[in-house]
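Take a look at the structure below.
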Amino acid sequence: MRHCVPWLPRLALVAGLIGLPASAIAWDYTPAAISGLTSLYGYLTNQNATLERAAAKYPSLRNDIQQVRNAFDRQYPDALATVTRLFQDIPLPAADRARLATKVLEMDREAMQSALASEPAMQAYLQRVRESAQGDMEKASLQLLLAAVYEDKPAAELASPMARSYTTKGIRQAGAIDLMLRMPLSWERDPAREKLLPDNAIFAFTSQGGNGLSTIDLLARPLPKDGAKDGAKEAGKDAASAAAAARATEELKALTGAGAKVIAQGTVRLANHRANWASFSIASDGGRLQYGRVWWVPLPEAGQTAVLLCRTPSLPPQAADNERQRLEPLWQAVAATLSTATPAR
Numbered sequence: 013m014r015h016c017v018p019w020l021p022r023l024a025l026v027a028g029l030i031g032l033p034a035s036a037i038a039w040d041y042t043p044a045a046i047s048g049l050t051s052l053y054g055y056l057t058n059q060n061a062t063l064e065r066a067a068a069k070y071p072s073l074r075n076d077i078q079q080v081r082n083a084f085d086r087q088y089p090d091a092l093a094t095v096t097r098l099f100q101d102i103p104l105p106a107a108d109r110a111r112l113a114t115k116v117l118e119m120d121r122e123a124m125q126s127a128l129a130s131e132p133a134m135q136a137y138l139q140r141v142r143e144s145a146q147g148d149m150e151k152a153s154l155q156l157l158l159a160a161v162y163e164d165k166p167a168a169e170l171a172s173p174m175a176r177s178y179t180t181k182g183i184r185q186a187g188a189i190d191l192m193l194r195m196p197l198s199w200e201r202d203p204a205r206e207k208l209l210p211d212n213a214i215f216a217f218t219s220q221g222g223n224g225l226s227t228i229d230l231l232a233r234p235l236p237k238d239g240a241k242d243g244a245k246e247a248g249k250d251a252a253s254a255a256a257a258a259r260a261t262e263e264l265k266a267l268t269g270a271g272a273k274v275i276a277q278g279t280v281r282l283a284n285h286r287a288n289w290a291s292f293s294i295a296s297d298g299g300r301l302q303y304g305r306v307w308w309v310p311l312p313e314a315g316q317t318a319v320l321l322c323r324t325p326s327l328p329p330q331a332a333d334n335e336r337q338r339l340e341p342l343w344q345a346v347a348a349t350l351s352t353a354t355p356a357r
């Protein structure tokens, strides 16, 4: 799928001429995501048509063609159907969407004709599809393909062999924090956004290969003051809960720069440490809402607290709640991957 790359600038130009919105409800239809999605739609549509025509034209290759189809479908279940649905949902008039489809299908017509020209040419094409099924394609295309395939079950991508592990060791912002976490490949580490976050930002990940609007960040914060913990122990249950909520609200304001409403909170064991978590919402102009979940993992051996901060985009209330429900399983799955080689004190 390496040939997807040259399409993107041309598709971006077409998208710009049409006048795409900066974002949309449901899937994150940013201009870059639309360009990549359109490229995928054209590639997968033409791949399907090429394999169908090849099976009719070269009967001796039918078994190979079916094996290649099966390998691709195992790695990217329902890829064509899902990408087609997402493409058809692009927030554009039908005529403009049809223009995009026509452009992208025309771009690959020559490659299709070349693949069908002879049996050896088709065998070479089948090898390229095999390699794509193993993840051997341009990274941005692969990330967007995975984001589409796992769109309705993003947590499942974390179990994919393509998921990546990250370590904080050696990263200046992490200080003495020595943690590992696992992230889906479709979530791109975003150095530009890391620079915009406070100095305590260790990792910043953005959905849809960096073209989406949902974020997962790993940050470093000071350890909680002993006095705050002692006060919680001495207070009654209700008072302790209120104090914990107040502290969570204060911490969230420091993390997000906005007033957050704590929806739920609790404790959990992460990275061999007792961690606190909170679910929250942030109201913004126009009645929009952002949902998120945060985990604070105190690491006395490092003299710091690791903070995993997960957030949806700011959306109309129902869309925001839908996005929260879609992403919460992924947030919890990512938190569960946090691990450290350093034993807890």
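Going by the working numbering, the sequence shown opens with residue 13, and the numbers climb by one from there. Every residue gets a Cβ at the ideal spot worked out from N, C-alpha and C, and that includes glycine.
- Task: Buried or exposed for A44, please, with buried defined as at least 16 other CB atoms from any protein chain shown within 10 angstroms of its CB.
- Result: With 16 or more other Cβ atoms within 10 Å, it is buried.
- Using the rule of at least 16 other Cβ atoms within 10 Å of the residue's Cβ for burial, across every protein chain shown, is A34 buried or exposed? With a pLDDT of 33 at A34, under the threshold of 50, the predicted position of this residue should be treated as unreliable, though the coordinate-derived value follows. When all chains shown are included, A34 counts as exposed.
- Message: Do L321 and V306 count as a contact pair if the criterion is CB distance below 7 Å?
- Response: Yes, these two residues count as a Cβ contact at 7 Å.
- Message: Under DSSP, the alpha helix (DSSP H) around D333 begins and ends at which residues?
- Response: Run containing D333: P329 to A348, per the alpha helix (DSSP H) assignment.
- Message: Restricting to Cα atoms, I'd like to know which of L156, I46, N75 and L104 is closest to S198.
- Response: Closest option to S198, Cα to Cα, is L156.
- Task: Count the other CB atoms, across all protein chains shown, that sit within 10 Å of the CB of G221; report buried if there are 16 or more and exposed otherwise.
- Result: The residue is buried, with at least 16 neighbouring Cβ atoms inside 10 Å.
- Query: How should R323 be labelled, buried or exposed, when 16 other C-beta atoms within 10 angstroms of its C-beta is the threshold for buried?
  - Reply: Under this definition R323 is a buried residue.
- Item | Neighbourhood of Q185 by C-beta, 7 Å cutoff - its chain only, sequence neighbours within 5 removed | Answer for Q185: D211, N212, A213, I214 and A232, listed in chain order.
- Residues bridged to Q277 by DSSP? Residue pairing by DSSP places Q277 opposite A290 in a beta bridge.
- Query: From G304, D297 and A256, pick the residue whose C-alpha is nearest to that of L225; which is it?
  - Reply: It is G304.
- Task: Could you please give the first and the last residue of the uninterrupted alpha helix (DSSP H) stretch that includes Q78?
- Result: First-last of the alpha helix (DSSP H) with Q78: R74 to Q87.
- Task: Over the uninterrupted beta strand (DSSP E) stretch that includes M192, give me the two end residues.
- Result: Going by DSSP, M192 is part of the beta strand (DSSP E) stretching over M192 to M195.
- Task: May I have the straight-line CA-CA distance separating H15 from S126, to the nearest angstrom?
- Result: Summary for H15: the model assigns pLDDT 40, below 50, so the residue's position carries little reliability; its value from the coordinates is reported in the next sentence. As the crow flies, the alpha-carbon of H15 is around 14 Å from that of S126.
- Item | S172 (DSSP reduced to helix, strand or coil) | In the three-state reduction of the DSSP assignment, S172 falls in the coil class.
- Item | Contact belief for P325 with Q302 at Cβ below 8 Å, rounded distance in angstroms | That pair is a contact at about 7 Å.
- Please name the residue in L128, N284, P196 and T268 whose C-alpha comes closest to that of A66. Taking only the C-alpha atoms, the option nearest A66 is L128.
- D297 by DSSP, collapsed to three states: which one? Three-state DSSP puts D297 in a helix.
- Query: Over what stretch of residues does the alpha helix (DSSP H) that includes P210 continue unbroken?
  - Reply: No alpha helix (DSSP H) holds P210; DSSP gives it neither H nor E.
- Just the Cα atoms here: how many angstroms apart are P234 and D190? Their backbone Cα atoms lie some 15 Å apart in a straight line.
- Just to confirm, are A345 and L170 a CB contact at a threshold of 7 Å? Going by C-beta atoms, A345 is nearer than 7 Å to L170.
- Query: Cβ of M195 within 7 Å of Cβ of R176?
  - Reply: M195 is a Cβ neighbour of R176, given a cutoff of 7 Å.
- Task: Pull up the DSSP beta-bridge partners for P234, would you.
- Result: In the DSSP assignment, P234 is bridged to Q316.
- Query: Quick one: is I228 buried, meaning 16 or more other Cβ sit within 10 Å of its Cβ, or exposed?
  - Reply: Flag for I228 reads buried.
- Query: Can the beta-carbon of N58 be found closer than 7 Å to that of D120?
  - Reply: Contact: yes.
- Query: Any idea if P166 is buried or exposed, counting beta-carbon neighbours within 10 angstroms, 16 or more meaning buried?
  - Reply: P166 should be labelled buried.
- Task: Return the CA-CA distance between F217 and L267, expressed in angstroms with no decimal places.
- Result: Their Cα atoms are separated by approximately 16 Å.
- Task: Just mark D40 as buried or exposed, buried being the case when its beta carbon has 16 or more other beta carbons within 10 Å.
- Result: Counting other Cβ atoms within 10 Å of its Cβ, D40 reaches 16 or more and is therefore classed as buried.
- Query: What is the DSSP secondary structure of L311, reduced to helix, strand or coil?
  - Reply: In this structure, L311 counts as strand in the three-state DSSP scheme.
- Just mark A240 as buried or exposed, buried being the case when its beta carbon has 16 or more other beta carbons within 10 Å. Bear in mind that a pLDDT of 46 at A240, under 50, signals an unreliable position, so the model cannot answer this.
- Item | Separation of E335 from T349, as counted between CA atoms | Straight-line spacing of the CA atoms in T349 and E335 works out to 22 Å.
- Task: Output the distance between the C-alpha atoms of W308 and L49, rounded to the nearest integer angstrom.
- Result: Distance between W308 and L49, taken at the CA atoms: about 36 Å.
- Message: Classify Q316: buried if its beta carbon has 16 or more other beta carbons within 10 angstroms, exposed otherwise.
- Response: Per the 10 Å Cβ criterion, buried.
- Task: On the DSSP bridge assignment, give the partners of R305 in chain order.
- Result: In DSSP, R305 forms a bridge with S291 and C322.
- Name the residue from K207, E206, D202 and L230 whose alpha carbon lies nearest to the alpha carbon of S219. Taking only the C-alpha atoms, the option nearest S219 is D202.
- Message: If I follow the unbroken alpha helix (DSSP H) through S144, where does it start and stop?
- Response: E131 to A145 is the extent of the alpha helix (DSSP H) around S144.
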